[in-house]
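Below is one structure, written out as structure tokens, with a few remarks after it.
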Amino acid sequence: MQHLLSNEDVAHIAYLARLSLTEDDLEKYKKELSSILDHVGVIEGLNLTNVEPSYQPLFLKNVFRKDIVKDSQITEEVLKEAPAVKETMFVVPPILDEA
Amino acid sequence: MNSIEFNSITEAKEALDQKRLSVTELINLFFDLIKETDQNYHCFLELNYDSAIRQAQAIDQDFENKISKPLKGIPIALKDNIVTKGLRTTCGSKILQSWIPPYDATVVKKLKEAGAIVVGKTNMDEFAMGSSTEYSAFGPTKNPLDTSCVPGGSSGGSAAAIAASLSLGALGSDTGGSIRQPAAFCGVVGVKPTYGRVSRFGLVAFASSLDQIGPFARNVNDAALLLDVVSGNDPMDSTSLNVAATNFFKSLNSEVAGLKVGLIKELTDQCDQVVKETIQKLCDLLADYNVVISEISMPSLEYSLPAYYLIAPAEASSNLARFDGVRYGLRIDGSSAKDMMIKTRTEGFGNEVKRRIMLGTYVLSHGYYDAYYLKALKVRTLIKKEFEKAYQNYDLLICPTTPTLPFKLGERMADPVSMYLSDLCTIPSNLAGHPSISVPFGPKVKNFQVGIQVLANELDEQKMFNLAKFIEEADE
């Protein structure tokens, strides 16, 4: 394979994506991602210097609207779906003492 | 009475209007059939029985109400990535296994306003990533035409529900072919509208610049009617287009004489022999009806699959960052917020979703952005320009919807690239933002027909529907 990722590459990508992989996963995804990159990598060779990128398909430019505050009145339903809540707040584990 | 008697929305509406049965009876027929047969197919993840029956009874009590509603009492199935207030919406994922949305998607509101009754939520590849519905966390859907084969995907449950007569209409979402490919595999009609034709508010995002909601139906008339109901500008989706309301259904006609139609060489060439033979038969037939048909070469389409599998995962890796265990869905506890997020995502996402998130993260990361993602966006421009040029000379383009007939369950699971190749013919329309439709045509090969794809320029759905209707009539 031309686009061979290393175990370290895959572990780093997984960390950026907030996923944890076992050693077996690493081997599996390394193989699969490399094979996908081999396939999509054909566009690497194209000379596209003078071509503009298309970030979206049609003729839309920036779409603005008035910033109007509305009460969606679904606070209770939203909080009911949350894993952990205190009053009207979402509760999460500590965020400051991370390594 | 058996629901098979109603082969279309139009027929069911007629039966209701003539009081041959009540809405409640009609809806019960469908639920009875679902309970009896869906164990063979697994089209549905969740049924909306109680609420649907209440709604049906309310319509029956008020049936004389003369306000005409285009879908009054008509059963509709929804892909499970379209959010429904009070009705579980999983996206085929463990991470949303028990999520009850607090609001309705705009398309759901529009369907309800039109009198439609949601019968249930249909199975799908997790987060719409897949081409066979085998990547659902809740088990695959089987093709009603041959249960040893896949129904296609990612909207396989919706396509199969129509094929098995378990609903009269359905909605799916199409990011790279996820409506048209399963429609082709299940022998039904499926439409991807122009990007922005239908509001995406309440569609759980996969790749925002490609996603579009569209209908599945038994025939072209019904598909046009469904699209009329769900389309329209929506302030809640700033990419929804501000264009006049559509009336595709009323304007449908199958007059095709004088149309200029191009057969896309690059996509057709890569199809199996039986698929090529069928589309050639159609071309001969079109010529008999004075359609000007010729082959068109669009060399940049060769790069559409690679461009798509860079752009879609890139957008997905960003869109799926919201599943972090904080506000809704699954949470696996951890020692810190980051640890909780990692555990939640690792446990909640399936293999294909992880694969695409990682691929997207990689191509957006420093050092690879220019080589992969930016280049893919430029290829997208080339493809758009090639379509622009084509539509200067042609009214419509055609090619097969899929390179092959339906494959066996399990056949492509081990090789992601072979799975991706089944979207070869459908992806270009998503990259260009253009509408296209799949309609079954030709002699049966085993239990299947070939899906013919009609592609149109942006907002040119009427022409697309008209040719599709011609193909449908010619097939009868």
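Each protein sequence line maps, in turn, to chains Z and Y.
For what it's worth, numbering that gives the first Met the number 0 labels the leading residue of the first sequence as 0, then goes sequentially.
For what it's worth, numbering that gives the first Met the number 0 labels the leading residue of the second sequence as 0, then goes sequentially.
Glycine is no exception: its CB is placed at the ideal position from the N, C-alpha and C atoms.
Would you list the residues sitting across from residue i in a DSSP beta bridge?
i	result
Y/Phe322	BP columns for Y/Phe322 are empty, so no partner.
Z/Phe89	Z/Val84
Y/Phe215	Y/Ala169 and Y/Gly189
Y/Lys78	Y/Thr121
Y/Glu294	Y/Leu262
Y/Asn450	First, the amino acid is wrong: residue 450 of chain Y is Gly here, not Asn. Y/Pro439.
Y/Lys407	Y/Cys148
Y/Asn142	Y/Asp145
Y/Leu202	Y/Ile81
Y/Ile116	Y/Pro74
From residue i to residue j, what distance separates their C-alpha atoms?
i	j	result
Z/Ile103	Z/Asp8	The structure shown does not extend to residue 103 of chain Z, since chain Z spans only 0 to 98, so no value can be given for it.
Y/Phe62	Y/Phe247	26 Å
Z/Leu32	Y/Arg330	27 Å
Y/Glu301	Z/Ile42	10 Å
Y/Ala223	Z/Leu20	46 Å
Y/Tyr48	Y/Trp98	18 Å
Y/Glu475	Y/Cys90	36 Å
Z/Leu36	Y/Ala306	11 Å
Y/Lys342	Y/Glu351	17 Å
Y/Met0	Y/Arg53	The predicted model places Y/Met0 with a pLDDT of 43, which falls under 50 and marks its position as unreliable; any figure quoted below should be read in that light. Rounded to whole angstroms, Y/Met0 to Y/Arg53 spans 21 Å at the Cα level.
Y/Pro74	Y/Thr193	25 Å
Z/Ala83	Y/Leu202	25 Å
Y/Val219	Y/Arg87	30 Å
Y/Glu410	Y/Ile58	46 Å
Y/Asp414	Y/Glu457	34 Å
Y/Thr401	Y/Ser157	18 Å
Y/Glu112	Y/Ser50	15 Å
Z/Gln1	Y/Gly195	38 Å
Y/Ser2	Y/Leu32	Confidence at Y/Ser2 is low in this model, with a pLDDT of 47, below 50, so its placement is unreliable and no value can be given for it.
Y/Ile26	Y/Met123	23 Å
Y/Ala182	Y/Ile263	20 Å
Y/Val291	Y/Cys398	15 Å
Y/Asn429	Y/Asp173	8 Å
Thinking C-alpha only, which one of the options is nearest residue i?
i	options	result
Y/Arg379	Y/Ala311, Y/Trp98, Y/Asp338 and Y/Gln54	Y/Ala311
Y/Val82	Y/Lys65, Y/Trp98 and Y/Asp103	Y/Asp103
Y/Leu167	Y/Leu77, Y/Leu86 and Y/Leu381	Y/Leu77
Y/Gly359	Y/Glu314, Y/Thr238, Y/Gly119 and Y/Asp414	Y/Glu314
Z/Ile12	Y/Ile397, Y/His365, Y/Phe386 and Y/Asn465	Y/His365
Z/Glu26	Z/Gly44, Z/Leu4, Z/Val39 and Z/Leu15	Z/Leu4
Y/Tyr372	Y/Tyr308, Y/Met339, Y/Met340 and Y/Thr425	Y/Tyr308
Y/Cys42	Y/Val22, Y/Pro150 and Y/Ala57	Y/Pro150
Y/Thr345	Y/Ala55, Y/Arg87 and Y/Ala320	Y/Ala320
Z/His38	Y/Leu202, Y/Ala160 and Y/Ser417	Y/Ser417
Y/Ser198	Y/Ser299, Y/Leu381, Y/Val106 and Y/Thr425	Y/Val106
Y/Thr245	Y/Leu284, Y/Lys18, Y/Asn64 and Y/Asp459	Y/Asp459
Z/Thr48	Y/Asp236, Y/Lys374 and Y/Val118	Y/Lys374
Y/Asp233	Z/Glu86, Z/Lys69 and Z/Arg64	Z/Arg64
Y/Gly349	Y/Asn289, Y/Ser21 and Y/Lys93	Y/Lys93
Y/Asn318	Z/Asp70, Z/Ala16, Z/Glu75 and Z/Glu22	Z/Ala16
Y/Pro143	Y/Ser230, Y/Leu285, Y/Thr36 and Y/Asp221	Y/Thr36
Y/Thr159	Y/Thr174, Y/Glu387 and Y/Ser131	Reading the sequence as shown, one finds Ala at residue 159 of chain Y and not Thr. Nearest option by C-alpha distance: Y/Ser131.
Y/Asp16	Y/Asp145, Y/Gly72 and Y/Ser293	Y/Gly72
Can you name the start and end residues of the alpha helix (DSSP H) that residue i belongs to?
i	result
Y/Cys270	Run containing Y/Cys270: none; DSSP gives neither H nor E here.
Y/Leu262	Where Y/Leu262 is concerned, there is no enclosing alpha helix (DSSP H), although the beta strand (DSSP E) it sits in stretches over Lys259 to Ile263.
Z/Val39	Glu22 to Val39
Z/Leu112	Past the boundaries of the shown model lies residue 112 of chain Z; chain Z is included only from 0 to 98, so the question cannot be answered.
Y/Leu110	Thr105 to Glu112
Y/Thr9	Ile8 to Asp16
Y/Glu35	Val22 to Tyr40
Y/Arg379	Lys374 to Asn392
Y/Ala159	Gly155 to Ala162
Y/Thr472	Note that residue 472 of chain Y corresponds to Glu in the displayed sequence, not to Thr. Element bounds for Y/Glu472: Glu460 to Asp474.
Y/Val197	No alpha helix (DSSP H) holds Y/Val197; DSSP gives it neither H nor E.
Y/Arg344	Ala336 to Gly347
Y/Leu358	Asn350 to Leu363
Quick check on the DSSP output: the beta strand (DSSP E) that includes residue i runs from which residue to which?
i	result
Y/Phe43	Phe43 to Leu46
Y/Pro402	Run containing Y/Pro402: none; DSSP gives neither H nor E here.
On the premise that residue j lies in contact with residue i, defined as a C-beta separation below 8 Å, what is that separation, rounded to the nearest angstrom?
i	j	result
Y/Ala127	Y/Phe200	With a Cβ gap of about 16 Å, Y/Ala127 and Y/Phe200 do not count as contacting.
Y/Gly171	Y/Ser177	6 Å
Y/Val453	Y/Met463	5 Å
Z/Phe58	Y/Arg326	The pair is not a contact, with the Cβ atoms about 35 Å apart (cut-off 8 Å).
Y/Phe440	Y/Ile470	5 Å
Z/Pro92	Y/Met339	5 Å
Y/Gly186	Y/Ala162	6 Å
Y/Pro298	Y/Glu276	Not really, about 24 Å apart at Cβ, beyond 8 Å.
Y/Gly261	Y/Ala389	6 Å
Y/Leu396	Y/Ile278	With 8 Å as the limit, Y/Leu396 and Y/Ile278 do not qualify as a contact, their Cβ atoms being about 12 Å apart.
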